[in-house]
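Trainee: Can you keep this structure in mind? I'll have questions shortly.
There are 2 protein chains.
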Amino acid sequence: MQTALYAGNKSINVVEHTPEAPAPGEVRLRVAYCGICGTDVHIFHGKMDARVKIPQPIGHEISGVIEAVGEGVSGFAEGDHVTVRPLAYADKEENWKREGSHIRPGVKFMGIDTPGAYQYSWNVPANTLHKLPQELPLDIAALVEPLAVACHDIRIGKVKAGEQVVVLGGGPIGMLIALVSREAGAEVLVSEINPFRLKVLGEMGIDTVNPKEADVEAVVKERTGGIGADVVFEVTGVQAGVDVMTKLPCVRGRMVVVGIFSEPPKVDLFQFFWKELQLFGARVYEAEDFDTAIALAAKGTLPLEKIVSLKVELDGLQGAFEEISRGGNLLKVLVKCS
Amino acid sequence: MQTALYAGNKSINVVEHTPEAPAPGEVRLRVAYCGICGTDVHIFHGKMDARVKIPQPIGHEISGVIEAVGEGVSGFAEGDHVTVRPLAYADKEENWKREGSHIRPGVKFMGIDTPGAYQYSWNVPANTLHKLPQELPLDIAALVEPLAVACHDIRIGKVKAGEQVVVLGGGPIGMLIALVSREAGAEVLVSEINPFRLKVLGEMGIDTVNPKEADVEAVVKERTGGIGADVVFEVTGVQAGVDVMTKLPCVRGRMVVVGIFSEPPKVDLFQFFWKELQLFGARVYEAEDFDTAIALAAKGTLPLEKIVSLKVELDGLQGAFEEISRGGNLLKVLVKCS
């Protein structure tokens, strides 16, 4: 039984590992699949060495099967299919009396701040588990975590049926936001420059615009009868995305910052004044977003399989990180861990 | 009877003017007082010549008395004390089916896009009027318009009793936001560098911090038990204000952009992600904000008289603009127009 350890300096070491009995309050999972997130690529590149304890298994987009149940755990049994909401609390969740428990100070992200899931066997607190329907394929189930991100984002953006939604950036998260918005009854346009992503979006029946070939503002004006978009999701994390973001909303339109900006970009605050725009930050998810994501995945109406570009085993993780870093035509890569 | 005309190039010409009969749907006001707004100072400096038709009377913070009622106007009579919500609609207000009627495309701001109130007599559409209690002094009543701005801002910021509010910038609008927030039951701190403004705020019993002398973030942390502010109002309109703005809110804290940014500042969007911050643009007011402002002014609990630094007549307007431009110790200057 193997564990893939991030060993620093763009290297992954796969080592033998003997599964341990779960501690009280924990379960031991056999990890079925674990997806590669942009954050994992960041870690691979050494950008988050201040948070990761090297050598450490990383990875947090998982599906798995319960192999052993620790003392004091109820509601879960051996053989249950589950996914993990990878937020670990330093103290009891109920101690936080305010909004935003999922992002309160001191919350630890499993797979970054604590060991992650690129391993055969993973012991996790039972209060991070969400049960999966047994009939949901375990590869698709590994997309529940990024799908929960998208569900959280559109909840923060308060997307409603009939609204005009624009998603800036059509990578896996942008695609999922587009799909969940469409499922909620919105009209969706995705702005993306990568031809491979544009092709996949087209196959999904999502309208797209390539900002290298067309004026996104003019396209949105045209689609919305001059009114502007109700909700804009900024998923690029770059200045060009922020520049166009404030041009697209209608009066009192909403924007959601999903991309992560290591440096503060310039933001046209005059537009905030002029149109009373609203900007919402969104980070990870809350329990209800996992519930929504699992229900959506189980419903089977989203073309989630189109987001999976490649499956590798644990010993293919190093190569997968390298291929993603080269900018290969890859959306989600799943690592088969057992 | 006189009119003060903005004649371009930092000059005001006071000329004789014969009052005209109100057109159908209009009333003729005898203007009692008209306050000087930062926007008027901008116009005086030639910054808004693209919108102002020179020569033109400007000014929009008014109190007045109805002198004549035009055909088809009901609900108003000669002798009524009124203020004006200076938004003129190109078409009927009810044609706009969406949110934000007050800022929809095509709305004209009276005193900028159309003639304003620095004159003895002003004809205005009756649908812009709000009746004032006769017992409210007409000088204080000229503060209803900026007070409505503050009421709108704290409504956009959803300020609630018991919340921690920080106002960045303690000029007249920042002061009014602070006073209305305190009236709503919030704990208020104002950040301001000008000693005169700090003194007036102190006299009003508002807590202050001078960012040249103390670390605003540390002060807010201390006041809020480490949690951060519930609502931050950015009223400085400068980069330094934006820099501190994103450091102050609690998890899911709200920020309101009140300052006007002619150039896009850098905004720390990482903090939006990390704490799920929310940023709301606010522009002018809606009818209900005038209703709230009039009720507040009539209640008499706000120390509004402390915001009035100087009263001049129409022929003192040029000098008042020059004194404000020199950065004199002035808060609100009222122009006695009749």
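Listed in order, the protein sequences are those of chains A and B.
Each residue of the first sequence is one higher than the one before, starting from 1 at the first, in my numbering.
Each residue of the second sequence is one higher than the one before, starting from 1001 at the first, in my numbering.
Beta carbons: idealized from backbone N, C-alpha and C, even for Gly.
Assign Cys-1151 (chain B) to one of three DSSP states: helix, strand, or coil.
Mentor: One-based indexing of the second sequence puts residue 1151 (chain B) at position 151. Helix at Cys-1151 (chain B).
Trainee: Give me the residue from A:Arg-30, A:Val-82, A:Ser-63, A:Tyr-118 with the minimum Cα distance to Ala-7 (chain A).
Mentor: Here residue 7 (chain A) refers to the residue found at position 7 of the first sequence. Comparing Cα-Cα distances from Ala-7 (chain A) to each of A:Arg-30, A:Val-82, A:Ser-63, A:Tyr-118, the minimum goes to A:Tyr-118.
Trainee: Report the neighbours of Glu-1145 (chain B) on chain A: residues whose CB is nearer than 9 Å to its CB, in chain order.
Mentor: Indexing the second sequence from 1 puts residue 1145 (chain B) at position 145. Those within 9 Å of Glu-1145 (chain B) in chain A number zero; the least Cβ separation is about 17 Å.
Trainee: Who are the Cβ neighbours of Leu-1330 (chain B) in its own chain at under 7 Å, not counting the five residues just before and after it?
Mentor: Residue numbering aside, residue 1330 (chain B) sits at position 330 when the second sequence is read from its first letter. Closer than 7 Å at Cβ, skipping near neighbours: Ser-1309, Leu-1310, Glu-1323, Ile-1324.
Trainee: In its own chain, which residues sit with a C-beta less than 6 Å from the C-beta of Phe-1290 (chain B), not counting the 5 before and 5 after it?
Mentor: Looking up residue 1290 (chain B) in the second sequence gives position 290. Arg-1085, His-1130, Ala-1148, listed in sequence order.
Trainee: State buried or exposed for Thr-224 (chain A), treating a residue as buried only when at least 16 other CB atoms are found within 10 Å of its CB.
Mentor: Against the first sequence, residue 224 (chain A) aligns to sequence position 224. Classification for Thr-224 (chain A): buried.
Trainee: Quick test of your reading: Ala-142 (chain A) and Ile-62 (chain A), contact by CB under 8 Å. State the CB separation rounded to the nearest angstrom.
Mentor: The residue you call residue 142 (chain A) lines up with position 142 of the first sequence. The residue you call residue 62 (chain A) lines up with position 62 of the first sequence. About 6 Å separates the two Cβ atoms, so the contact holds.
Trainee: Spatial neighbours of Thr-208 (chain A) within its chain, please: C-beta separation below 8 Å, excluding the five flanking residues on both sides.
Mentor: As a first step, residue 208 (chain A) must be located in the first sequence, where it is residue number 208. Taken in chain order, the residues that qualify are Gly-170, Leu-189, Val-190, Ser-191, Glu-192, Leu-198, Leu-201, Gly-202.
Trainee: What is the rounded straight-line gap between the Cα of Pro-1055 (chain B) and the Cα of Leu-1029 (chain B)?
Mentor: On the second sequence, residue 1055 (chain B) is found 55 positions in, with the first residue counted as 1. On the second sequence, residue 1029 (chain B) is found 29 positions in, with the first residue counted as 1. Distance between the alpha carbons of Pro-1055 (chain B) and Leu-1029 (chain B): 21 Å.
Trainee: Checking 8 Å against the spacing of the C-beta atoms, do Arg-1254 (chain B) and Phe-1280 (chain B) come in under that value?
Mentor: Position 254 of the second sequence, counted from the start, is the residue given in the question as residue 1254 (chain B). Position 280 of the second sequence, counted from the start, is the residue given in the question as residue 1280 (chain B). A contact, by the Cβ cut-off of 8 Å.
Trainee: Ends of the beta strand (DSSP E) at Glu-1026 (chain B)?
Mentor: Taking the second sequence and counting its residues from 1, one reaches residue 1026 (chain B) at position 26. Taken as a continuous stretch (DSSP letters only), the beta strand (DSSP E) holding Glu-1026 (chain B) covers 1026-1035.
Trainee: Measuring CB atoms only, is the region 1231-1251 of chain B touching the region 230-250 of chain A, in the sense that at least three cross pairs come out at less than 8 Å?
Mentor: no
Trainee: Starting from the Cα of Glu-1183 (chain B), find the closest Cα among B:Leu-1317, B:Lys-1299, B:Asp-1040, B:Met-1001 and give me that residue.
Mentor: Taking the first residue of the second sequence as position 1, residue 1183 (chain B) is located at position 183. Among B:Leu-1317, B:Lys-1299, B:Asp-1040, B:Met-1001, the Cα nearest to that of Glu-1183 (chain B) belongs to B:Lys-1299.
Trainee: Would you say the region 45-55 of chain A touches the region 162-176 of chain A, given that touching needs at least three Cβ pairs under 8 Å?
Mentor: no
Trainee: Buried or exposed: which applies to His-45 (chain A), given that a residue is buried once 16 or more other Cβ atoms fall within 10 Å of its Cβ?
Mentor: Against the first sequence, residue 45 (chain A) aligns to sequence position 45. Looking at its Cβ environment, which holds fewer than 16 other Cβ atoms inside 10 Å, His-45 (chain A) is exposed.
Trainee: Check the Cβ of Glu-1099 (chain B) against every Cβ in chain A and list those closer than 8 Å, keeping chain order.
Mentor: Here residue 1099 (chain B) refers to the residue found at position 99 of the second sequence. Result: Val-251, Arg-252.
Trainee: Buried or exposed for Ala-1150 (chain B), going by 16 or more other Cβ atoms inside 10 Å?
Mentor: For the purposes of this step, residue 1150 (chain B) is identified with residue 150 of the second sequence, where counting begins at 1. So Ala-1150 (chain B) ends up on the buried side.
Trainee: Anything in chain B within Cβ reach of Ser-386 (chain A), meaning under 9 Å, just list it in chain order.
Mentor: Residue 386 (chain A) falls outside the range modelled here, since chain A spans only 1 to 338, and no answer is possible.
Trainee: Starting from Ile-1173 (chain B), find everything on chain A with Cβ-Cβ shorter than 8 Å and list it in chain order.
Mentor: Counting from one through the second sequence, the residue named residue 1173 (chain B) turns up at place 173. By Cβ distance, chain A contributes nothing, its closest Cβ being about 13 Å from Ile-1173 (chain B), past 8 Å.
Trainee: On the three-state DSSP scale, how would you describe Asn-123 (chain A)?
Mentor: Against the first sequence, residue 123 (chain A) aligns to sequence position 123. If DSSP states are grouped into helix, strand and coil, Asn-123 (chain A) belongs with the strands.
Trainee: Inspect the beta-carbon positions of Met-354 (chain A) and Leu-179 (chain A) and report whether they are closer than 8 Å.
Mentor: As displayed, chain A neither begins before 1 nor continues past 338, which places residue 354 (chain A) out of reach and without an answer.
Trainee: What does Trp-274 (chain A) touch in chain B if you count any residue whose Cβ is under 8 Å from its own?
Mentor: Indexing the first sequence from 1 puts residue 274 (chain A) at position 274. Within 8 Å Cβ-Cβ: Ile-1103, Gly-1281, Arg-1283.
Trainee: Checking contacts by CB at 8 Å: is Val-232 (chain A) closer than that to chain B?
Mentor: Reading the first sequence from its first residue, position 232 is the one you call residue 232 (chain A). With 8 Å as the cut-off, Val-232 (chain A) does not count as an interface residue toward chain B.
Trainee: Should the region 1014-1023 of chain B be called in touch with the region 1034-1049 of chain B, which here means at least 3 C-beta pairs below 8 Å?
Mentor: no
Trainee: Following a CB-centred definition, is Ala-1178 (chain B) positioned closer than 7 Å to any heavy atom of the ligand GDP?
Mentor: Of the ligands one can find in the structure shown there are none, so the ligand GDP has no counterpart to examine.
Trainee: Is Gln-134 (chain A) helix, strand or coil by DSSP?
Mentor: In the first sequence, counting from the first residue as 1, residue 134 (chain A) sits at position 134. In the structure shown, Gln-134 (chain A) sits in coil (DSSP, three-state: anything other than H, G, I, E or B).
Trainee: Need the endpoints of the beta strand (DSSP E) that Ala-4 (chain A) sits in, please.
Mentor: For this step, residue 4 (chain A) is matched to residue 4 along the first sequence. That run of the beta strand (DSSP E) goes 2-6.
Trainee: Could you name the residues of chain A that Lys-1266 (chain B) contacts, counting a contact when the two beta carbons are closer than 9 Å?
Mentor: Residue numbering aside, residue 1266 (chain B) sits at position 266 when the second sequence is read from its first letter. Neighbours of Lys-1266 (chain B) on chain A, chain order: Glu-263, Pro-264, Pro-265, Lys-266, Val-267.
Trainee: Start and end of the alpha helix (DSSP H) containing Ala-68 (chain A)?
Mentor: Locating residue 68 (chain A) in the first sequence gives position 68, counting from the first residue. Per DSSP, Ala-68 (chain A) belongs to no alpha helix (DSSP H); it is in the beta strand (DSSP E), 61-69.
Trainee: Relative to chain A, which residues along the region 1213-1233 of chain B have a C-beta separation below 7 Å, given in chain order?
Mentor: none
Trainee: Between which two residues does the beta strand (DSSP E) holding Ile-227 (chain A) run?
Mentor: Locating residue 227 (chain A) in the first sequence gives position 227, counting from the first residue. No beta strand (DSSP E) holds Ile-227 (chain A); DSSP gives it neither H nor E.
Trainee: Using a Cβ cut-off of 9 Å, which residues of the region 1173-1197 of chain B contact any Cβ in chain A, in chain order?
Mentor: The region 1173-1197 of chain B vs chain A, Cβ under 9 Å: nothing.
Trainee: Let me know if Asp-1268 (chain B) comes out buried or exposed under the rule of 16 or more other beta-carbons within 10 Å of its beta-carbon.
Mentor: As a working mapping, residue 1268 (chain B) is identified with position 268 in the second sequence. It is buried - the Cβ of Asp-1268 (chain B) has at least 16 other Cβ atoms within 10 Å.
Trainee: Can you give the Cα-Cα distance for Gly-241 (chain A) and Leu-168 (chain A), rounded to whole angstroms?
Mentor: The sequence position of residue 241 (chain A) within the first sequence is 241, counting from 1. The sequence position of residue 168 (chain A) within the first sequence is 168, counting from 1. Answer to the nearest angstrom: the Cα atoms are 6 Å apart.
Trainee: If we ignore side chains and look at the alpha-carbon of each, how far apart do Arg-104 (chain A) and Tyr-1033 (chain B) end up?
Mentor: For this step, residue 104 (chain A) is matched to residue 104 along the first sequence. For this step, residue 1033 (chain B) is matched to residue 33 along the second sequence. The straight-line gap from Cα to Cα measures roughly 50 Å.
Trainee: Which whole-angstrom value is the C-beta distance of Gln-1318 (chain B) and Ile-1012 (chain B), which I expect to be below 8 Å?
Mentor: Here residue 1318 (chain B) is taken as the residue at index 318 of the second sequence, counted from 1. Here residue 1012 (chain B) is taken as the residue at index 12 of the second sequence, counted from 1. With a Cβ gap of about 4 Å, Gln-1318 (chain B) and Ile-1012 (chain B) count as contacting.
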